[in-house]
């Protein structure tokens, strides 16, 4: 076997062993834990997040664009999101799912975008 073939085989074996250990979900510096379907979304909850080069926290007002129809996430079940409260809708800001009020865009809840991959 040629040396370059041996190196390629060794790299492939190493990568196959290393990839599962690299498959962690992170939001900033906080490691997130996956939860089973139908269980709490607590491990995905964010107190603050960044979007459009600005930091947001619960209670802040989202920019007007996130209250428009194209940003209204209607398929929240497919994304493993809880049902929106009356008078609110889910939107997507800075890679995160954000529940905002329809009227003023007040941020009610924020969940890391990794919730989509919840098993």
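Residue numbers (our numbering): -14 to 104.
All C-beta atoms, glycine included, are put in the ideal place defined by N, C-alpha and C.
Here the C-alpha atom of residue 87 lies approximately 10 Å from the C-alpha atom of residue 70. Secondary structure note for residue 86: its beta strand (DSSP E) is the uninterrupted segment 81 to 86. Looking at the DSSP output, residue 76 shares a beta bridge with 83.
With 16 or more neighbouring CB atoms inside 10 Å of its own CB, residue 47 falls in the buried class. The Cβ atoms of residue 79 and residue 45 do not sit closer than 8 Å to each other.
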